[in-house]
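**Q**
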Amino acid sequence: KNYDNKKAEHERENQPYGGGDEEERRMWDDDVGQGDFEENWNEDKPEPKPKPPRENTTSASWWEWLFGSSTIDSGGETNEGGEGGDGDGDGDGNPLQQQTVEGPKESDPSKFCFKRAGTSKKTGKGQKGQITADTTFGRALESLASRNDVKRVLEIGTWYGGGSTDNLVRGLKDKSDCDVLKNMQCCASFVVTFELQTPEWEHARVYHRKNPVWLVHGTTVGVKDMLTEDEISEEDKGEHYKLYYQRDKDLMEKEEPQLEKYCKMVNPDVVLIDGNEYTGWGEFNVAMKKCKPRYLALHDTDTLKTGKVEKEISAQPEKFEEVDSGMDKTGWAIYKVDYNEKPKEGSFHIVVLTSKKYESLKKLLDSLNNARYDSTSAPLHLEIRIDHDFSPDHDKTVEVAEAFDFEHGTKSLHQYTSTQGRQNMWFKAWDPESDDDRAVILEDELEVSPVWYEWLERAWSEYGKRSDLGAISLCRQGLRASDGQVVVKSDVAEPFLYRVPGSHGFSPLAKQWREFREWTESTEDLKNADVDVRGTITTEWHRKGLDTWEQYWVWWCWGSGILSGSRSLYNLYIHPPDSYALVRYETDSVTQLVQPSSYEAELSSFPKQLVRFGWNYESEGKSDGTSWW
1 KNYDNKKAEH ERENQPYGGG DEEERRMWDD DVGQGDFEEN WNEDKPEPKP
51 KPPRENTTSA SWWEWLFGSS TIDSGGETNE GGEGGDGDGD GDGNPLQQQT
101 VEGPKESDPS KFCFKRAGTS KKTGKGQKGQ ITADTTFGRA LESLASRNDV
151 KRVLEIGTWY GGGSTDNLVR GLKDKSDCDV LKNMQCCASF VVTFELQTPE
201 WEHARVYHRK NPVWLVHGTT VGVKDMLTED EISEEDKGEH YKLYYQRDKD
251 LMEKEEPQLE KYCKMVNPDV VLIDGNEYTG WGEFNVAMKK CKPRYLALHD
301 TDTLKTGKVE KEISAQPEKF EEVDSGMDKT GWAIYKVDYN EKPKEGSFHI
351 VVLTSKKYES LKKLLDSLNN ARYDSTSAPL HLEIRIDHDF SPDHDKTVEV
401 AEAFDFEHGT KSLHQYTSTQ GRQNMWFKAW DPESDDDRAV ILEDELEVSP
451 VWYEWLERAW SEYGKRSDLG AISLCRQGLR ASDGQVVVKS DVAEPFLYRV
501 PGSHGFSPLA KQWREFREWT ESTEDLKNAD VDVRGTITTE WHRKGLDTWE
551 QYWVWWCWGS GILSGSRSLY NLYIHPPDSY ALVRYETDSV TQLVQPSSYE
601 AELSSFPKQL VRFGWNYESE GKSDGTSWW
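Residues in the sequence shown are numbered from 1 upward in steps of one, following UniProt numbering.
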């Protein structure tokens with residue numbers, strides 16, 4: 001509908017636009033530079049002139065007047081959905097600093113800041129939408145938003161803000177925890193809502209100015225994401241199609257799609273698709289690939305808007321679990337989404353262990369995405385295993401893991417429901433199904449080289465059949481196990497074998513790891529098990545209570561018990577020159593990651609005979625894996 005239609009519609013209701021007085025109407029018009037209703041809202045408008053300071057205020061800049069500041073009195077009534085406070089502070093009378101950029105709060109990244117509408121003596125009552133608290137869908141949305149695992153909701157289709165937005169606000173209000181700044185409010189829980197039509201957006205932003213609602217003016221997806229004319233049946237090409245299809249297409253061509261941007265920024269827990277009749281399918285695709293919400297809500301089911309979406313959902317019952325559905329004037333449904341993908345047969349498993357170091361996890365995952373996998377002969381599967389913890393940092397870690405898009409293969413998440421600790425996380429990290437399976441285990445404080453996989457895959461291809469090999473590690477190993485001293489082993493330019501395992505980028509032999517894991521699970525009192533290995537400082541550390549997984553592996557490979565002693569399994573390493581490595585610990589300021597085209601000669605050398613080193617890091621001679629030389 002154009003502006004003339006909007007004006008006529010509001011005049012029929014015998015009230016100024018938005019239900020406020022004339023002063024408020026002028027503020028809304030000037031807020032967006034629209035001027036009078038008679039002007040065409042698509043025309044370019046001149047920049048509005050700064051307004052003089054109002055009574056009982058000090059001088060304020062135009063920007064402060066437009067979005068509100070501590071010098072402007074808020075007064076007036078609270079809108080129907082208004083739950084937040086007014087003023088500039090943290091709720092305890094403490095002043096807060098200005099923030100000019102929408103997004104994570106500079107002083108508290110757990111909150112997001114977004115602009116709020118200018119203040120007014122009086123705030124208009126909202127226009128009720130179709131989805132009210134009296135409808136089954138309205139109550140379902142409020143209940144969904146109040147769940148403990150929901151903090152951020154992305155709504156497509158604000159309209160006037162008096163429908164689904166209101167219900168979502170009611171569900172989030174008790175956990176929104178908003179700080180009101182000079183020009184913004186910053187909230188822990190909130191609704192991000194999109195509206196393309198300018199009059200509706202103007203109304204909603206003032207109506208919800210005290211609520212945890214981030215109103216975005218613009219389109220969600222582009223014209224290429226709309227249903228094409230060929231995808232619309234003749235039955236659906238009725239009056240609505242004739243009035244709005246081309247109009248909406250023309251409007252969207254002038255706008256930059258914003259859904260993907262806000263998905264990446266906010267990582268919403270819920271996405272509600274209730275916008276344009278012809279963009280539901282495109283919005284669904286972006287939401288599933290970029291937003292990856294825990295829950296997906298659909299309104300107007302069994303219509304053109306959601307038809308293709310519902311067919312896709314029906315074809316993937318293992319991914320979409322219906323948690324609620326119903327019928328008001330139109331149908332609706334809510335689904336819980338499971339993003340865990342099953343690994344393809346013969347996949348190389350990249351196992352990441354984490355708990356609450358979300359920033360470190362993000363760096364590791366990004367480095368995995370940036371690595372080279374062109375030479376891979378096997379599908380790749382990323383498995384992120386998250387230990388249980390009651391903390392905001394753990395929640396952020398889950399968000400990072402859920403939002404991450406692994407570009408080179410399948411991905412799954414495993415969240416423990418009880419605290420495991422580092423040792424148990426390692427024991428349960430990987431469960432190979434066959435002796436030919438391959439994997440690498442990475443902790444969240446690591447970062448990998450772009451060429452880590454190329455070298456590791458080649459190393460397994462060259463040495464995977466050796467009888468003296470238990471694992472391959474990507475790190476540099478500096479521990480001398482006989483006395484605990486740090487030794488810089490830089491005199492070996494080729495791969496070599498050492499008795500000590502390296503947990504930073506640890507890739508065990510499937511057969512040995514499976515048997516080792518079975519032993520740890522079957523041993524009743526593992527903590528007090530005798531895993532001493534003569535001549536190692538690691539045994540002394542273990543006796544003193546250092547409860548790590550590594551000593552158990554050392555014993556499995558080199559212990560003198562009945563179950564061990566005959567294995568004599570080494571760990572394979574490569575030490576590129578100049579302190580370079582295939583993996584780096586985040587606090588290591590010396591080691592540098594190998595880059596493509598660096599040390600190609602060293603990384604492409606895989607001699608048949610390898611030097612083997614004992615506990616004292618001295619050579620025991622060379623071997624081809626079957627005999628001594």
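Ideal Cβ placement from N, Cα and C applies to all residues, glycine included. Since this is a predicted model, take the numbers as computed values, not measurements.
What does the alpha-carbon distance come out to for the pair A204 and T301?
**A** Spanning the two alpha carbons is a distance of roughly 25 Å.
**Q** Ignoring anything shorter than 3 residues or poking outside the stretch 163 to 192, list the beta strand (DSSP E) runs there in chain order.
**A** Taking only runs of at least 3 residues, the beta strand (DSSP E) segments lying wholly in the stretch 163 to 192 are 184 to 187.
**Q** Excluding five sequence neighbours on each side, which residues of the same chain lie with their C-beta closer than 7 Å to the C-beta of T419?
**A** Here the set comprises D387, H388, D389.
**Q** Note down, in chain order, each residue of its chain lying with its Cβ closer than 7 Å to the Cβ of W553, except the 5 sequence neighbours on either side.
**A** Answer for W553: P501, F516, listed in chain order.
**Q** Please name the residue in Q423, K362, W452, K308 whose C-alpha comes closest to that of A401.
**A** Among Q423, K362, W452, K308, the Cα nearest to that of A401 is on K362.
**Q** Excluding five sequence neighbours on each side, which residues of the same chain lie with their C-beta closer than 7 Å to the C-beta of K511?
**A** Within the same chain, K511 has close Cβ partners D435.
**Q** Specify whether the stretch 247 to 267 and the stretch 316 to 329 touch according to this definition: at least 3 beta carbon pairs, one from each stretch, less than 8 Å apart.
**A** Flag = no, the stretch 247 to 267 and the stretch 316 to 329 do not touch.
**Q** With distance defined between alpha-carbon atoms, name the residue in D395, I350, P392 nearest to A378.
**A** The candidate whose alpha carbon is nearest that of A378 is I350.
**Q** Put W430 into one of helix, strand or coil per three-state DSSP.
**A** Looking at W430 - three-state DSSP - the assignment turns out to be coil, as it is neither helix nor strand.
**Q** Relative to the C-alpha of P212, which residue among M184, K224, L474 is closest?
**A** Of the candidates M184, K224, L474, the one whose C-alpha sits nearest the C-alpha of P212 is M184.
**Q** Which ranges would you report for the beta strand (DSSP E) in the stretch 463 to 519 if only whole runs of at least 3 residues count?
**A** The qualifying runs are 469 to 473, 496 to 498, 506 to 508.
**Q** Apart from the five residues just before and just after S619, which ones in its own chain have a Cβ nearer than 8 Å to its Cβ?
**A** V611, R612, F613.
**Q** Please determine if the stretch 161 to 172 and the stretch 134 to 142 are in contact, where contact requires at least 3 C-beta pairs separated by less than 8 Å.
**A** Touching, per the Cβ criterion.
**Q** Kindly confirm or deny that the stretch 331 to 343 and the stretch 362 to 377 touch, where touching means at least three C-beta pairs closer than 8 Å.
**A** No, because fewer than three Cβ pairs between the stretch 331 to 343 and the stretch 362 to 377 fall closer than 8 Å, the two stretches do not touch.
**Q** Are L572 and Y463 touching if we call contact CB-CB under 8 Å?
**A** Cβ atoms of L572 and Y463: closer than 8 Å.
**Q** Should E200 go down as buried or exposed, given a rule of 16 or more other Cβ atoms within 10 Å for buried?
**A** Its Cβ being crowded by 16 or more others within 10 Å, E200 is buried.
**Q** Going by alpha carbons, who is nearest to Q130 out of E312, T330, V150, V270?
**A** It is T330.
**Q** Using alpha carbons as the reference points, say which of T520, L526, T523, W555 lies closest to I537.
**A** With distances taken between Cα atoms, I537 lies closest to W555.
**Q** Could you check the C-alpha separation between F406 and K264 for me, to the nearest Å?
**A** Approximately 14 Å between the Cα atoms of the pair.
**Q** What three-state label does DSSP hand Q246 in the structure shown?
**A** Helix at Q246.
**Q** G103 lies in the beta strand (DSSP E); which residues open and close that run?
**A** Here the beta strand (DSSP E) through G103 covers 103 to 105.
**Q** Tell me, please, whether the stretch 153 to 166 touches the stretch 179 to 198 by the rule of three or more beta-carbon pairs shorter than 8 Å.
**A** Touching, yes.
**Q** Can you grab the Cα-Cα spacing for the pair W187 / D395, in whole Å?
**A** This sequence places Cys at residue 187; Trp is not what is there. Taking the straight line from one Cα to the other gives about 16 Å.
**Q** Which of helix, strand or coil does DSSP assign to G326?
**A** The answer is strand: DSSP assigns G326 an E or B state.
**Q** Closest by CA to W513, which one among Y339, S503, L456, A471?
**A** Per the Cα distances, A471.
**Q** With distances taken from CA atoms, which of A297, K290, Y580 is nearest G326?
**A** If we check each option's Cα against that of G326, A297 comes out closest.
**Q** Tell me, please, which residues DSSP counts as bridged to Y570.
**A** Its beta-bridge partners are L469.
**Q** Between which two residues does the beta strand (DSSP E) containing E255 stretch?
**A** That residue, E255, is in no beta strand (DSSP E); it is neither H nor E in DSSP.
**Q** Distance check for L413 and K342, CA to CA, integer angstroms please.
**A** Those two C-alpha atoms are separated by around 11 Å.
**Q** Closer than 6 Å by C-beta to G162: which residues in its own chain qualify, once you throw out the five before and the five after it? Chain order, please.
**A** Around G162: G126, Q127, K128, G129.
**Q** So for W214, helix, strand or coil by DSSP?
**A** W214 falls in the strand class under three-state DSSP.
**Q** Just tell me which of D483, E521, T591 has its CA closest to the CA of W541.
**A** If we check each option's Cα against that of W541, D483 comes out closest.
**Q** Exposed or buried, S623, counting other C-beta atoms within 10 Å across all chains shown (16 or more means buried)?
**A** The residue in question, S623, is buried, as its Cβ has 16 or more Cβ neighbours within 10 Å.
**Q** On the DSSP letters alone, give me the boundaries of the beta strand (DSSP E) that C113 sits inside.
**A** Residues 108 to 115.
**Q** Across the stretch 589 to 608 and the stretch 442 to 457, are there enough close Cβ pairs to call them in contact, namely three or more that are closer than 8 Å?
**A** Yes: at least three Cβ pairs fall under 8 Å.
**Q** Using 8 Å as the threshold, is the C-beta distance between K305 and E322 below it?
**A** For K305 and E322, no; Cβs fall outside 8 Å.
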